[in-house]
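Only one structure is covered here, and it is reproduced in the block below.
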Amino acid sequence: MAEDNVLEEINKIIKEGKKRRYKQSVELIINLRNIDMKNPSNRIDQTIALPEGKGKESKIAVFASGEAALKAEEAAEKVIRPEELKDYAKDKHKSKQLANEYDFFLAEAPLMPTIGKTLGKVLGPRGKMPRPVPPGADLKPVADQLKKSIRLRSHSTLTCHALVGNEEMKPEAISKNVEAVIKRAEDNLPQGKANIASVFVKTTMGSPVRIL
């Protein structure tokens with residue numbers, strides 16, 4: 151991948167793209183080839199910390215109790231204590247709201263079985279099952295890493311999408327994010343670069359521009 155070409159195209163879509171009344175995101179589209187996506191082991195499902203961030207922080211929720219819950223309040227936007235889980239189990243709408251509002255979830259490892267029973271059916275299909283952390287672990291570094299992270303998932307199709315920034319970020323920063331996501335995709339494909347058919351970037355309302 152020619153880095154200069156990536157930067158040039160990102161510059162172009164931001165400077166020449168039609169301005170909207172809102173801040174547009176910049177999205178990366180990776181088209182795959184020669185992979186049997188019916189085999190789950192061939193699918194991409196990666197959490198990637200973008201080197202330059204994505205222009206806004208991901209929202210983090212933590213399942214924790216006691217002192218860990220108090221510390222989690224400083225690291226995350228929401229803390230869910232064990233006694234609150236039964237409320238989510240009874241209210242599917244509330245569970246779905248939680249799953250849709252937060253990008254990533256962390257949980258004290260001992261709480262994982264209970265979370266699986268109460269929220270697994272909602273969080274699992276969205277790829278948002280909590281990342282377990284040992285009791286007493288410092289949640290802040292983990293949460294800070296996730297705040298600048300995105301999910302790259304291919305599901306059962308030959309295409310995956312990823313947010314790599316917004317139009318107010320410097321093109322150089324977006325370019326670094328693009329390179330990081332493509333590198334991670336290559337590292338997790340059976341044949342690496344050979345499994346990538348094409349790569350495009352686009353703004354929210356813009357047309358895709360091929361960079362690879």
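Under the working numbering, think of the first position of the sequence shown as 151, with each following residue one higher.
Where a beta carbon is used, it is the ideal one built from N, C-alpha and C, also for glycine.
What you are looking at is a predicted structure, and each value in this text was computed from that prediction instead of being measured.
Within 10 Å of its beta-carbon, does residue i have 16 or more other beta-carbons around it, so buried, or fewer, so exposed?
i    : result
M355 : exposed
G315 : buried
K278 : buried
A312 : buried
Among the options, whose alpha-carbon lies nearest the alpha-carbon of residue i?
i    : options                   : result
A225 : S208, A330, S304 and T309 : S208
V229 : S215, R193 and S245       : S215
T309 : K326, A347, I324 and V272 : A347
N345 : D186, D237 and S175       : D186
T307 : E159, D154, E258 and K188 : K188
A257 : A239, K246, D288 and H243 : D288
E317 : L157, V156, E158 and I164 : I164
K173 : T353, V359, R301 and A222 : T353
Helix, strand or coil: how does DSSP classify residue i here?
i    : result
Q247 : helix
E202 : coil
R301 : strand
R334 : helix
P285 : coil
E166 : helix
Q295 : helix
S325 : helix
S175 : strand
D237 : helix
Shorter than 7 Å, the distance from the beta carbon of residue i to the closest heavy atom of the ligand SAM, or not?
i    : result
S215 : Although the ligand SAM was asked about, the structure shown includes no ligands whatsoever.
Using a Cβ-Cβ cutoff of less than 6 Å, which residues in the same chain neighbour residue i once the five nearest sequence positions on both sides are dropped?
i    : result
M366 : The requested residue 366 is not part of the displayed model; the chain covers only 151 to 362.
V349 : I180, I361 and L362
Going along the chain, which residues of its own chain have a beta-carbon closer than 7 Å to the beta-carbon of residue i, five neighbours each way excluded?
i    : result
A330 : I198, L200 and P201
- Message: Would you call the stretch 178-187 in contact with the stretch 278-298, where contact means no fewer than 3 C-beta pairs closer than 8 Å?
- Response: Counting Cβ pairs under 8 Å, fewer than three are found: no touch.
- Query: When the Cβ atoms of the stretch 256-267 are set against those of the stretch 190-203, are three or more pairs found closer than 8 Å?
  - Reply: Remark: fewer than three beta-carbon pairs, one from each stretch, lie closer than 8 Å, so the stretch 256-267 and the stretch 190-203 are not flagged as touching.
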